Amino acid sequence: MEEILTSGPSAEDPDILPAAGMPPSDVIAEYSPLALAFLGDAVYELEVRGHIVRQGNSTPKKLTDKSSFFSRAHTQAILCDLILPDLSDEEADILRRGRNANVNTVPKHASHADYHKATSVEALFGYLYLTGRMDRVRELMQRVWSLFEGDNNGI
Numbered sequence: 042m043e044e045i046l047t048s049g050p051s052a053e054d055p056d057i058l059p060a061a062g063m064p065p066s067d068v069i070a071e072y073s074p075l076a077l078a079f080l081g082d083a084v085y086e087l088e089v090r091g092h093i094v095r096q097g098n099s100t101p102k103k104l105t106d107k108s109s110f111f112s113r114a115h116t117q118a119i120l121c122d123l124i125l126p127d128l129s130d131e132e133a134d135i136l137r138r139g140r141n142a143n144v145n146t147v148p149k150h151a152s153h154a155d156y157h158k159a160t161s162v163e164a165l166f167g168y169l170y171l172t173g174r175m176d177r178v179r180e181l182m183q184r185v186w187s188l189f190e191g192d193n194n195g196i
């Protein structure tokens, strides 16, 4: 049990990878950026929650507070800026399409710029998930952990 909590799911874990028979990545790349972001939001949230729980047992309120910090549009916008220089052309294109997607509403607590950047990160994560590249998602999430671990505004 301890190994499961500390290691987290692997890229080979069939429960977190898309089902066999998914379209090729060039077809997935043509999916609506908002459809990719819809899926990527769940991928991002699962990575955040998994990381937080693996750090140790805590009260539900503390877990929710930590999760909320990392899931804010502003935090995702910071991640967008951090990862952009290291993306492949393919990944940068998905990120750009997500950022330029026509969103109908922006939450009151987020700026338009932050929300568009957050949508772009979610679109990228949705794309990476569908193409079976969860290892890349975790590599990119390391940027968030490196930036905020030990000094995450009291979280």
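Residues in the sequence shown are numbered from 42 upward in steps of one, following the numbering used here.
We put the CB at the ideal spot given by N, CA and C, even for glycine.
Please read these numbers as outputs of a predicted model, since none were measured by experiment.
ask   = Where Glu190 and Val144 are concerned, what is the direct C-alpha to C-alpha distance, given to the nearest angstrom?
value = As a first step, residue 190 must be located in the sequence shown, where it is residue number 149. As a first step, residue 144 must be located in the sequence shown, where it is residue number 103. Glu190 and Val144: Cα-Cα distance of roughly 31 Å.
key: Burial state of Ser109, where buried means 16 or more other Cβ atoms lie within 10 Å   = Your numbering for residue 109 matches position 68 in the sequence shown. The residue in question, Ser109, is exposed, as its Cβ has fewer than 16 Cβ neighbours within 10 Å.
ask   = Start and end of the alpha helix (DSSP H) containing Gly139?
value = Here residue 139 refers to the residue found at position 98 of the sequence shown. Its alpha helix (DSSP H) spans residues 130-140.
request  = Return yes when the Cβ of Leu165 is within less than 8 Å of the Cβ of Glu132, no when it is not.
outcome  = Here residue 132 is taken as the residue at index 91 of the sequence shown, counted from 1. Here residue 165 is taken as the residue at index 124 of the sequence shown, counted from 1. In contact: Glu132 and Leu165 (Cβ atoms closer than 8 Å).
task = Within 10 angstroms of the Cβ of Arg95, are there 16 or more other Cβ atoms? Answer buried if so, exposed if not.
result = Start at 1 with the first residue of the sequence shown, and residue 95 comes out as number 54. Exposed, because fewer than 16 other Cβ atoms sit within 10 Å of the Cβ of Arg95.
request  = Can you grab the Cα-Cα spacing for the pair Leu120 / Lys102, in whole Å?
outcome  = As a working note, residue 120 is residue 79 in the sequence shown. As a working note, residue 102 is residue 61 in the sequence shown. C-alpha separation (whole angstroms): 24 Å.
query = Ile93 to Leu136, Cα distance in whole Å?
reply = Reading the sequence shown from its first residue, position 52 is the one you call residue 93. Reading the sequence shown from its first residue, position 95 is the one you call residue 136. For Ile93 and Leu136, the distance between alpha carbons rounds to 25 Å.
query = How far does the alpha helix (DSSP H) with Met175 in it reach, from first residue to last?
reply = Sequence index remark: in the sequence shown, residue 175 carries index 134 (1-based). Run containing Met175: 175-189, per the alpha helix (DSSP H) assignment.
message = In this structure, how does DSSP classify Thr116 when only helix, strand and coil are distinguished?
response = As a first step, residue 116 must be located in the sequence shown, where it is residue number 75. If DSSP states are grouped into helix, strand and coil, Thr116 belongs with the helices.
Secondary structure of Lys102, DSSP reduced to three states = For the purposes of this step, residue 102 is taken as the residue at position 61 of the sequence shown. Residue state, collapsed to three classes: helix.
query = If you run the structure through DSSP and keep just helix, strand and coil, what is Pro215?
reply = The shown model of the chain, from 42 to 196, leaves out residue 215, and the question about it has no answer.
query = Candidates Asp130, Lys158, Thr100, Trp186: which alpha carbon is nearest Asp82's?
reply = Mapped onto the sequence shown, residue 82 falls at position 41. Closest option to Asp82, Cα to Cα, is Lys158.
inquiry  = DSSP three-state label for Glu88, please.
reply    = Here the question's residue 88 lines up with position 47 in the sequence shown. Three-state result, Glu88: helix.
query = In three-state DSSP terms, what is Thr47?
reply = Reading the sequence shown from its first residue, position 6 is the one you call residue 47. Reliability fails at Thr47, whose pLDDT of 42 lies under 50, so the model's placement of it is uncertain and no value is given.
inquiry  = Nearest by alpha-carbon distance to Leu242: which of Thr172, Glu163, Arg184, Leu188 is it?
reply    = Residue 242 is absent from the model: the chain starts at 42 and stops at 196.
Within 8 Å, strictly: CB atoms of Leu188 and Leu128 = Position 147 of the sequence shown holds residue 188. Position 87 of the sequence shown holds residue 128. Going by C-beta atoms, Leu188 is not nearer than 8 Å to Leu128.
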